[in-house]
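Heads up: the structure comes next, in structure tokens.
Numbering (full-length UniProt numbering), first residue to last: 1 to 421.
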């Protein structure tokens with residue numbers, strides 16, 4: 001434990017400064033130490049102990065406010081998590097809350113991964129003692145939100161089990177796979193460990209409540225707080241179904257918009273409560289991100305109805321042009337079913353830029369290779385473009401469109417006219 005003098009002359013707690021030498025020492029003299037570093041808006045830049053030396057509660061801790069517990073993971077090199085201080089600042093900027101950093105670096109800094117895994121149970125038991133103390137001071141389990149990274153995700157789950165799933169929320173960010181994947185629920189983070197459990201997993205192993213395309217779950221969660229991005233995701237049985245535009249209706253979440261990834265996932269608790277009337281429900285959702293910060297992408301669904309069978313199994317490309325002259329071609333997913341007469345076909349489209357004021361839609365049709373016809377025309381009875389990222393924006397419509405193969409046509413859509421009831 002390190003102390004640094006603050007402006008108010010009270011020493012500040014600092015995260016344990018360890019190094020690779022400590023991992024070597026752990027080979028012969030294993031140690032575990034847990035330090036609770038508390039931050040509030042009253043001590044944003046100066047961590048204080050949650051409990052004083054006489055075991056009284058820190059005066060800055062407000063038992064009536066939300067408490068976020070940040071729990072790091074395996075640290076074989078002993079370094080301080082690079083994201084830690086920024087994460088604390090972002091949380092306190094978002095909401096007036098208590099933030100507790102769980103520093104178990106001396107216990108996570110080891111070359112023996114199995115030892116760190118065993119230590120997760122010890123950390124959870126220690127945290128449960130502190131939580132029971134907080135409850136005596138009037139705190140509520142429902143106000144506790146654990147955010148755990150790697151092994152920290154499973155620590156959060158073990159804490160949740162000790163309190164029989166009554167924690168308000170657990171967020172797992174890339175939960176550790178080795179020694180946990182395919183284990184029974186009582187040996188890992190499980191969706192029954194809190195009233196609301198959301199997991200962002202950036203690869204195809206281990207727990208799969210939410211999957212992303214890049215190993216950056218911590219930074220994605222932070223971006224969901226720090227930016228205006230709506231990281232929407234799609235409830236789906238499989239990634240294959242998601243990529244085939246089979247899940248664009250967002251299941252029973254549709255009325256509230258598609259589920260949001262990150263901190264704002266809490267907005268879906270009401271929808272989940274409705275679905276949980278028969279017991280706990282696990283929902284798997286999918287999304288793709290961009291490759292650079294803030295990782296935003298913007299989703300649309302293109303709905304097409306054709307009047308005849310001439311289009312068969314062709315494909316489309318889609319471009320959007322806004323009133324400022326910005327143009328982008330979408331990443332087009334596969335259509336959800338073949339083009340059939342008078343049947344609506346939906347195609348998921350993804351853009352890297354936000355097109356708020358669309359002036360023109362560029363559409364190109366490609367017939368399947370064995371049926372090419374340069375002189376043929378192809379008709380679309382109706383086209384509807386709807387933003388899924390911002391469902392409050394009115395959909396755009398265009399009717400009676402005639403296309404030629406591989407010839408791009410720019411359409412000037414209008415706001416759709418509401419259907420008469």
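Glycine is no exception: its CB is placed at the ideal position from the N, C-alpha and C atoms.
- Per DSSP, reduced to three states, the secondary structure at residue 135 is helical.
- Put simply, the backbone Cα of residue 299 is about 9 Å away from that of residue 354.
- Burial state of residue 366 is exposed, judged by a 10 Å Cβ sphere holding fewer than 16 other Cβ atoms.
- Sorting 134, 140, 410 and 51 by C-alpha distance to the C-alpha of residue 319 places 410 at the top.
- In terms of Cβ geometry, residue 308 and residue 341 form a close pair [threshold 8 Å].
- Closest option to residue 373, judged by alpha-carbon separation, among 75, 323 and 311: 311.
- Residue 171 has 147 and 198 as its beta-bridge partners, per DSSP.
- For the segment 27–63, the continuous beta strand (DSSP E) assignments of 3+ residues that do not extend past its boundaries occur at 35–39, in sequence order.
- Residue 339 and residue 314 do touch by the CB rule: their CB atoms are close to 7 Å apart, below 8 Å.
- Taking the C-beta atoms as reference points, residue 292 is found no nearer than 8 Å to residue 316.
- Residue 81 counts as buried, since no fewer than 16 other beta carbons sit within 10 angstroms of its beta carbon.
- Cβ-Cβ distances below 6 Å link residue 333 to 243, 245 and 348 in the same chain, with the five nearest sequence neighbours on each side left out; the list follows chain order.
- Between the alpha carbons of residue 19 and residue 78 lies a distance of about 4 Å.
- DSSP places residue 336 outside any alpha helix (DSSP H), giving it a letter other than H or E.
- Of the residues assessed, residue 95 falls on the exposed side of the cut-off, its CB having fewer than 16 other CB atoms within 10 angstroms.
- A direct Cα-to-Cα measurement between residue 200 and residue 262 gives close to 8 Å.
- One thing to note: residue 147 has its Cβ within 8 Å of the Cβ of residue 173.
- Shortest Cα-Cα distance from residue 295 to any of 227, 104 and 386 involves 227.
- Remark: C-beta atoms of residue 37 and residue 67 do not approach each other more closely than 8 Å.
- About 4 Å separates the Cβ atoms of residue 364 and residue 408, confirming a contact at the 8 Å cut-off.
- The beta-carbon separation of residue 194 and residue 74, rounded to 22 Å, does not stay under the 8 Å limit for a contact.
- By alpha-carbon distance to residue 324, the top candidate from 359, 380, 290 and 301 is 359.
- Using a Cβ distance threshold of 8 Å, residue 397 and residue 412 do not count as a contacting pair.
- At a Cβ-Cβ threshold of 8 Å, residue 127 and residue 157 do not count as neighbours.
- Here residue 76 carries a coil assignment [DSSP, helix/strand/coil].
- Following the DSSP letters along the chain, one finds residue 350 in no alpha helix (DSSP H) but inside the beta strand (DSSP E) bounded by residues 345–351.
- According to the DSSP secondary-structure assignment, residue 415 is paired through a beta bridge with 396.
- Residue 344 and residue 351 have their C-alpha atoms roughly 22 Å apart.
- Shown here, residue 105 sits in a helix according to DSSP, grouped into three states.
- Assigned with DSSP and collapsed to three states, residue 112 falls in coil, not helix or strand.
- In the DSSP assignment, residue 86 falls within the alpha helix (DSSP H) that extends over 84–94.
- The residues 32 and 107, in chain order, have a CB closer than 6 Å to that of residue 119 in the same chain once the five nearest residues on each side in sequence are set aside.
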